[in-house]
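Numbering (my numbering), first residue to last: 1 to 189.
Just so you know, even glycine gets a beta-carbon here, dropped at the ideal spot from N, CA and C.
Report on the structure given below.
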Amino acid sequence: MTQKQRYNLKEAYGILVDAIRAMPKLKKEAADGVLDQAFKERIMLAVTEVNGCAMCSYAHTQMALEAGLSSEEISGLLTGVMHHVPEDEAAAILFAQHYADSRGKPSPKAQAIIYQTYGKAKADAIMHAIHVIMAGNVYGIAFGSLKGRITHKGIDSRSSLGYEITLLLSLILYLPVGLVHALLTSKAS
1 MTQKQRYNLK
11 EAYGILVDAI
21 RAMPKLKKEA
31 ADGVLDQAFK
41 ERIMLAVTEV
51 NGCAMCSYAH
61 TQMALEAGLS
71 SEEISGLLTG
81 VMHHVPEDEA
91 AAILFAQHYA
101 DSRGKPSPKA
111 QAIIYQTYGK
121 AKADAIMHAI
131 HVIMAGNVYG
141 IAFGSLKGRI
151 THKGIDSRSS
161 LGYEITLLLS
171 LILYLPVGLV
181 HALLTSKAS
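In structure tokens:
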């Protein structure tokens with residue numbers, strides 16, 4: 001995997017639009033049992049490990065425990081080790097790591113394998129979970145660093161005050177524009 005880097009404004013916007021599109025779909029897929037909570041949390045932790053978001057790591061560790069994951073499995077996922085991941089979920093977890101490592105631009109072949117392995121409904125749910133956590137990570141890194149800067153409790157070494165403020169203020173514009181963009185492109189597809 002490549003060294004963890006921060007996301008630029010263009011990447012952050014694209015990731016946010018993907019997440020806005022994915023959120024209602026993921027909620028429905030979870031309600032319909034397409035993707036159970038434990039599987040979803042494994043995906044969330046795998047992506048978070050690659051992106052290195054401390055806030056998301058903390059939040060999804062708690063959610064993963066509540067979903068029934070063991071401490072050992074959670075620790076493993078947060079360090080990139082998959083010894084405790086169910087065999088039938090391993091391909092999705094590896095793909096989630098690849099997706100994050102490629103900054104949201106996975107190889108078409110890897111993505112095709114996910115669809116072949118899990119079928120359209122489950123693969124779509126996997127993609128939706130990845131899109132949601134990617135946005136959480138992008139903005140969580142900036143928010144967590146700003147919070148750490150204010151409370152003197154640790155700042156992500158990739159971050160700067162200017163980056164944190166710029167990325168978080170971009171949400172004022174990105175959320176409404178991204179919502180319209182997501183709605184228009186969802187209707188077109």
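Alpha-carbon spacing of Met63 relative to Arg6, whole angstroms: When rounded, the separation of the alpha-carbon atoms in Met63 and Arg6 is 25 Å.
Other residues of its chain near Thr117: CB distance less than 7 Å, five sequence neighbours each side excluded: Closer than 7 Å at the Cβ level, and outside the excluded window around Thr117, lie Ala91.
Considering only C-alpha positions, which residue in the set Val132, Glu89 and Gly33 is nearest to Ile114? For Ile114, the closest alpha carbon among the candidates Val132, Glu89 and Gly33 is that of Glu89.
Taking the alpha-carbon positions, what's the Gly119 to Ser57 distance? Using only the alpha carbons, I get a separation of about 29 Å.
If I'm right that Ala96 touches Ile43 with Cβ under 8 Å, what's the distance once you round it to whole angstroms? A Cβ-Cβ separation of about 5 Å places Ala96 in contact with Ile43 under the 8 Å criterion.
For Ala125, which residues from the same chain have a beta carbon less than 6 Å from its beta carbon, with the 5 sequence-adjacent residues on both sides left out? The answer, listed in chain order, is Glu29, Val34 and Leu35.
Buried versus exposed, by CB contacts within 10 Å (16 or more), Ile130: Ile130 is buried by the Cβ-count criterion.
Report yes if the C-beta distance between Ile155 and Arg149 is below 8 Å; otherwise report no. Cβ atoms of Ile155 and Arg149: closer than 8 Å.
Same chain only: Cβ atoms within 6 Å of Ala22, ignoring 5 sequence neighbours per side: Shown here for Ala22: same chain residues with a beta carbon closer than 6 Å to its own, the five before and five after excluded, namely His128, His131 and Val132 in chain order.
Is it right to say Lys40 is buried, meaning 16 or more other beta carbons lie within 10 angstroms of its own, or is it exposed? Note on Lys40: 16 or more other CB atoms within 10 angstroms of its CB, so buried under the neighbour-count rule.
Which of the three DSSP states is assigned to Gln5 in this structure? Looking at Gln5 - three-state DSSP - the assignment turns out to be coil, as it is neither helix nor strand.
Kindly indicate which three-state DSSP category Leu171 falls into: helix, strand or coil? Three-state DSSP puts Leu171 in a helix.
When you compare only the Cα positions, how much space is there between Lys122 and Ile74? Just so you know, the alpha carbons of Lys122 and Ile74 end up roughly 22 Å apart.
In whole angstroms, what is the alpha-carbon distance linking Leu183 and Leu175? Taking the straight line joining both Cα atoms gives about 12 Å.
Quick check on the DSSP output: the alpha helix (DSSP H) that includes Leu45 runs from which residue to which? Residues Gln37 to Asn51.
Could you give the distance in angstroms between the alpha-carbon of Glu191 and the alpha-carbon of Asp101? In the structure as shown, the chain starts at 1 and stops at 189, and residue 191 therefore has no counterpart that could be examined.
Once DSSP output is grouped into helix, strand and coil, what is the label at Ser107? Note: Ser107 maps to coil in three-state DSSP.
Top-ranked residue by Cα proximity to Ala54, from Ser157, Ile165 and Gly162: Of all alpha-carbon atoms in Ser157, Ile165 and Gly162, the one lying nearest the alpha-carbon of Ala54 is that of Ser157.
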